[in-house]
């Protein structure tokens, strides 16, 4: 610990020396300028040097402040029983006092540089005015010159809009959200004074996206209430954000005050007081099996079988009673909460799994949707742009409109790319296309901001799920359909040349109608029988070809039907269940075939059923042999080493020669090694 303290002290001293040297160097350089006799080019160079000096001083001052904090933390971590503690405290005071004095000098130096920069700006304007003759006749000329430079209203509005677009909060913390709210309020107030229309939806959505998810949720709730009262405006939006931030900050201060802001220790009478704060970190219980929070171990939906859970406990040396790592089950007094017996944890109780099987047989209480794969489902797919609230970038995404879903979904991969944070979570029982039984899953709920083809923003509350659907193969339009598009000036949402799409968003019946201009009945029929439905994303293609084209265009019809067939494995239910079933079968085969012998354990490999034969790779091995011989001819020594190695493996029985006329019987495996 003493070596760590010495290291921190050296870093603190080094940072202080760098800052002192930079301030001395910049001060001497700037003072060397004779301001009264400087030309315009020299003034420009001085202004550039001032900007460089400001940046350098701020950077080094931040480094010094960070080094001082780390040095103080190292002192706080020292053992209070050390005999040299008073000496260390004295050393701490000496170093931190010197560092704080140097930081005060840096602040004063920055203030001088800022004032000098302002004087240069003012003097430049003064010099431009001094070019005019000082008389009553030139007064109006000077006024016109100033109006021409500073009276451009459009330039001022453009600058305000630029500042508005560039306004960002450093982090999502409330302390950083408060100055952002004040900045946005100042800019919109000035735009209002310039008689600019700020009460438009696009600007409000841009302002909303600049705040954190928590503040956005409060604003959206207020918008619903104020819209019904007819009092919604941009000013009301910012007022709701400001009030929420102030309220939350006040609550945080009250909580900090009730918990205690820390223990104060006076290091010496009459000198500076230093505080050591202890953070109150909430204890988050993690699941034993998936190591995630938000659910108990018995409700884990990633490790569902009892056999898998028992194996994990064995591998990680968990106590079978309580899941702890610091004792064995024989010394644990815990009991199962279901059968009230010792010897096993609640999550691996046999009664738990028997009761789960009984519940699965009943109707799910919170089923999301269930659609039979024999139903003729009209699936619409289009392209939109989704907003990343952090980077403010718009990403193109494919969207499915599904009237059979009672809520909207987003794939977890897209939500992660857009950095969407969960506002809430819900335990859902989901019945997907082709699944015999629903599966339960805890899903996060977030807010998605999406722009349509007309650049109109939309906001949807969506539920995160692993996969929306497998990639969809789109139908190829016939030549008559393409000609029909051209003649009727129809612009498709997804270009007809795109053959495969991967939808990441599914909008349910509660949200999809906001994207249909004239409802689902506004359709245009192509010559092939396909339908084009007008939407705010552009025209969406759906439907099926006419019966008279079944024979001539069967391939086109099969490709288009992938929209309906793809639903067999929509979302993540069937694929996940199939993987779990495969793992369970492999584990069962492992337990049935494992046996202990004198030289160790023996177990059979879980061979695939109905697997195709393994190729012998003869042609690949022959071509590789030719290539290696051609390359090794230039290096006889290396070629000889290859030959010796192969002969050695042949003598040891690792490999064997295969006769050219060998007839492979059924059940035998011949495999040529390519090297």
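Residue numbers (the UniProt record's numbering): 1 to 675.
Note that the Cβ used here is the ideal one computed from N, Cα and C, for glycine as well.
query                                                                                                                                     : result
Nearest to residue 427 (by Cα), restricted to the options 208, 299, 642 and 45                                                            : 299
Cutoff 8 angstroms; reference residue 670; Cβ partners in own chain excluding five residues on either side                                : 616, 658, 662 and 664
Bridge-paired residues (DSSP) for residue 532                                                                                             : 524 and 541
Inter-residue spacing [alpha-carbon to alpha-carbon] between residue 498 and residue 187                                                  : 43 angstroms
Rounded C-alpha distance that separates residue 11 from residue 114                                                                       : 29 angstroms
Length-filtered (3 minimum) beta strand (DSSP E) runs lying within the stretch 484-512                                                    : 505-507
Three-state secondary structure assigned by DSSP to residue 595                                                                           : strand
DSSP three-state assignment for residue 602, whether helix, strand or coil                                                                : strand
Span of the alpha helix (DSSP H), counted from its first residue to its last, around residue 217                                          : 213-229
Cross-strand partners of residue 444 (DSSP beta bridge)                                                                                   : 425
Buried or exposed (CB count within 10 angstroms, at least 16 for buried), residue 392                                                     : exposed
Cβ distance (whole Å) where residue 535 is taken to contact residue 382 below 8 angstroms                                                 : 6 angstroms
Straight-line gap, residue 511 to residue 529 (C-alpha atoms, nearest Å)                                                                  : 28 angstroms
Cβ neighbour criterion (16 or more within 10 Å) applied to residue 210                                                                    : buried
Cα-Cα separation between residue 289 and residue 412, rounded to whole angstroms                                                          : 21 angstroms
Residue span of the beta strand (DSSP E) that contains residue 461, given as start and end                                                : 457-465
Straight-line Cα distance separating residue 90 from residue 69                                                                           : 16 angstroms
6 angstroms CB neighbourhood of residue 243 in its chain, flanking five on each side removed                                              : none
Beta-carbon contacts of residue 524 that lie in its chain and below 6 angstroms, excluding the five residues immediately before and after : 532
Helix, strand or coil at residue 97 according to DSSP, with G and I counted as helix                                                      : helix
Inter-residue spacing [alpha-carbon to alpha-carbon] between residue 399 and residue 414                                                  : 12 angstroms
Secondary structure of residue 239, DSSP reduced to three states                                                                          : helix
Contact under 8 angstroms by Cβ, residue 241 with residue 215                                                                             : yes
Span separating the alpha-carbon of residue 312 from that of residue 304                                                                  : 12 angstroms
As assigned by DSSP and simplified to three states, the class of residue 18                                                               : helix
Reduced DSSP category for residue 419 - H, G, I as helix; E, B as strand; rest coil                                                       : coil
Cβ-Cβ separation, residue 64 to residue 109 (assumed contact under 8 angstroms), whole Å                                                  : Wrong, their Cβ atoms sit about 13 angstroms apart, outside the cutoff.
Whole-angstrom distance between residue 409 and residue 489, CA atom to CA atom                                                           : 32 angstroms
Pairwise C-alpha distance: residue 159 and residue 107                                                                                    : 29 angstroms
Where residue 622 falls, given that 16 or more other Cβ within 10 Å makes a residue buried                                                : exposed
Nearest residue (CA-CA) to residue 250, options 458, 174 and 26                                                                           : 174
Reduced DSSP category for residue 381 - H, G, I as helix; E, B as strand; rest coil                                                       : strand
Rounded straight-line distance, which links the Cα of residue 580 to that of residue 445                                                  : 26 angstroms
Per-residue DSSP class, three states only, for residue 472                                                                                : strand
Inter-residue CB distance, residue 95 and residue 24 (contact presumed, cutoff 8 angstroms)                                               : Not quite, the Cβ-Cβ distance comes to about 20 angstroms (not below 8 angstroms), so this is no contact.
According to DSSP, residues forming a beta bridge with residue 450                                                                        : 386 and 458
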